[in-house]
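Here is the structure we will look at.
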Amino acid sequence: MLNQGKAVAMNTFRETVRDRIFYIVGIFGLILIGSSAVLSPLTIGAQGKIVADVGLSSMSLFGLLVVLLVGSSMLRKELEKRTLTTILTKPITRGQYLCGKFCGLTVTLLCMLLVMSLVFLVIMLVCRVTPHPRFLAAFYLTFLELTLINAAVVLFSTFVSPTLAAVFTLCLFVIGHLSESVMNFGLVMGSAWQAQISKIVYYLIPNLEVFNIRGAVVHGQPVAFSHLILATLYCLVYVLLFMLLASVIFARKELR
Amino acid sequence: MRTLVQRLRRLPAWLQGGLGGALLLGVAVVSLQGIERTARASDQVEKLYYPSGRFLREGTVGYREIVADFLWFRTVQYYGAYRKGDHDLRYFSGLVDAVTTLDPQFIEAYYFGSLVASMDQDQIPRAIDLLKRGILANPDNWLLPFQIGFNHYILSQDYERAAAWFAIAARCPEATDFARRFAAFSRQRAGNLEGSIALWRNLYETTSNPAMRDLALKMIGQCEEQLQQQAGGLPKESL
């Protein structure tokens, strides 16, 4: 049963590599080199901070782009090419197929982040900025955030068009980063029911700020190990929820 | 005109393409220069449209630090243009506020912002307020209280206050001997000789730098001598 899902995942990975998704890593490297070499006279003593900020933010931003562009059209492509109907005639359930797709893109993201992290570390060393092991925590949490977003895009792509799936995912990303503000807004509104609603919204929508430790890492603040463990758990819960929901919707979908 | 067109048509295709490309590029460059001239004229207005740091903090969804860096570049360029005499520093503090609201740990922004406020704008209270805001967000950083002390020492010549801020800086975990030395100097300058001796002694006992230890010892001697003179006693040499 695992083998079928694995085959779909491997195929998805190969497909994304064939789509030359790794060109993005090249652009990432150029941006980093540009920010460190060209902009350094403008940094006034903050070169290390700026190179680290640009590197970590670009990793997250490019990862998000890959998820939105590749993830949103993954299912539709197979539907249009009719390969999906052929695959589903094999002994594989729709849920397994979806999980395979999700895992394939997650592996692509992982490889991309690993290569970008290496480029980032090399450029930091070239700029004579000592990379702290804390940066590994930032890479890891960025990966978790992208995994969660990946699960969300798979969920949305089961019932809406690729464009809408990308838009919905982007909205989730924005709201996810603002969820604390939503709760605070509800609390200052005054009425009890508004506060309750905002609290429900806060706990329902994934709080993506949990995965954002870029600022803390760049400024050398400590990152608790328990934070990493709890963030992993938090990510897993949402990934499972989204994938379960996606499987239920996809199982009922009429394939033509 | 017609003959020119006919001649151009007779040129090889690659040359036609090259000439066409160069012409289009020329038009682009001229347009850009025109846009830049207009932008330079309305540069003051542009700063008015920078949203406040609080708005940017919410609006930058997870990418606050990189937006702070971008605004930092704009701040440095804005200051550079001021140094060239293009404009005054009317919007400088707004830009620094936005940067520090987006990234409260951006020490260089507080430091540079306070230097410009005190040295170029002659606004020492504003410089001190900015540094105090920085201390609230970075209580362990020694450079910010040290800079407040520096402002009091050099610009306001309020040595007692300067000494108090230098002493706060010296208590920060990563403070260098420099801060303690300044605290002791200020105390001495303000006439608080006992306080000065205590600070010099602290420096003497804790520093690992032999030159600093010698300096501390020498300064303790000087302070004690002054104390004896004040008390009407005889200086050490005459004993």
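As you go down the protein sequences, you meet chains A and B in turn. Under the working numbering, residues 1 to 256 are what the first sequence spells out, in order. Under the working numbering, residues 257 to 495 are what the second sequence spells out, in order. Heads up, the beta-carbon is just placed ideally off N, CA and C, and yes, glycines get one too. Values in this document were obtained by computation on a predicted structure and should not be read as measured data.
C-beta neighbour in chain A for residue i, strict 7 Å
i	result
G274(B)	no
Q377(B)	no
E430(B)	no
Q361(B)	yes
G290(B)	no
Y319(B)	yes
F368(B)	yes
E416(B)	no
V332(B)	yes
E567(B)	Given that chain B is displayed from residue 257 to residue 495, the structure contains no residue 567(B) and the question cannot be resolved.
E364(B)	yes
I322(B)	yes
CB contact below 7 Å: residue i versus chain B
i	result
Q174(A)	Note that residue 174(A) corresponds to Val in the displayed sequence, not to Gln. So yes, V174(A) belongs to the interface.
N212(A)	yes
I50(A)	yes
G215(A)	yes
I44(A)	yes
H219(A)	yes
D53(A)	yes
H177(A)	yes
S117(A)	no
S226(A)	no
A251(A)	no
Y181(A)	The question names Tyr, but residue 181(A) is Ser in the sequence shown. Yes, because at least one Cβ of chain B sits closer than 7 Å to the Cβ of S181(A).
S276(A)	For chain A, the structure presents residues 1 to 256; residue 276(A) sits outside this window and is missing.
S57(A)	yes
Integer Cβ distance of residue i from residue j, believed to fall under 8 Å
i	j	result
Y460(B)	L449(B)	Between L449(B) and Y460(B) the Cβ distance is about 16 Å, and since that is not below 8 Å, they are no contact.
V8(A)	G100(A)	3 Å
F242(A)	V119(A)	Not a contact, Cβ separation roughly 30 Å.
V66(A)	I21(A)	6 Å
V25(A)	M124(A)	With a Cβ gap of about 16 Å, V25(A) and M124(A) do not count as contacting.
V38(A)	A137(A)	That belief does not hold up - the Cβ atoms of V38(A) and A137(A) are roughly 29 Å apart, past 8 Å.
L64(A)	L146(A)	7 Å
I249(A)	T169(A)	I249(A) to T169(A), Cβ: 15 Å. No contact.
P401(B)	W421(B)	5 Å
S258(A)	T163(A)	Because chain A spans 1 through 256 in this model, residue 258(A) falls outside it and cannot be assessed.
Chain D contact for residue i (CB, 7 Å cutoff)
i	result
D325(B)	In the structure shown, chain D does not exist; the protein chains are A and B.
Between the CA atoms of residue j and residue i - distance to the nearest angstrom
i	j	result
R134(A)	H219(A)	10 Å
Y140(A)	I322(B)	19 Å
F329(B)	Y366(B)	14 Å
Q47(A)	A216(A)	17 Å
G104(A)	T16(A)	9 Å
T259(B)	S161(A)	56 Å
T356(B)	E314(B)	14 Å
V153(A)	I205(A)	14 Å
D470(B)	R457(B)	11 Å
F225(A)	I291(B)	52 Å
M183(A)	Y203(A)	9 Å
H132(A)	D53(A)	14 Å
V239(A)	L110(A)	16 Å
T316(B)	S442(B)	44 Å
I200(A)	F311(B)	24 Å
I410(B)	A446(B)	13 Å
P491(B)	Q333(B)	In this prediction, P491(B) has a pLDDT of 48, which is less than 50 and means its spatial position is unreliable; what the coordinates show is noted afterwards. When rounded, the distance between both Cα atoms is 56 Å.
G350(B)	L56(A)	27 Å
A192(A)	D325(B)	39 Å
L98(A)	S73(A)	13 Å
L244(A)	I404(B)	57 Å
S181(A)	Q482(B)	59 Å
G186(A)	H177(A)	16 Å
L399(B)	T294(B)	41 Å
K77(A)	V372(B)	57 Å
A439(B)	I197(A)	54 Å
C479(B)	R389(B)	35 Å
E493(B)	G477(B)	Low confidence applies here, because E493(B) scores a pLDDT of 46, under 50, leaving its location unreliable; read the following figure in that light. Approximately 11 Å between the Cα atoms of the pair.
Q194(A)	R320(B)	28 Å
A435(B)	A426(B)	5 Å
A431(B)	H343(B)	37 Å
Helix, strand or coil at residue i [DSSP, three-state]
i	result
L260(A)	The question about residue 260(A) has no answer here: the residues shown for chain A are numbered 1 through 256.
V167(A)	helix
C127(A)	coil
A365(B)	helix
K81(A)	coil
D53(A)	helix
Q561(B)	Here chain B comprises residues numbered 257 to 495, so residue 561(B) is not present and cannot be evaluated.
N212(A)	coil
N394(B)	coil
Closer than 6 Å: residue i CB and nearest the ligand MG heavy atom
i	result
E78(A)	Although the ligand MG was asked about, the structure shown includes no ligands whatsoever.
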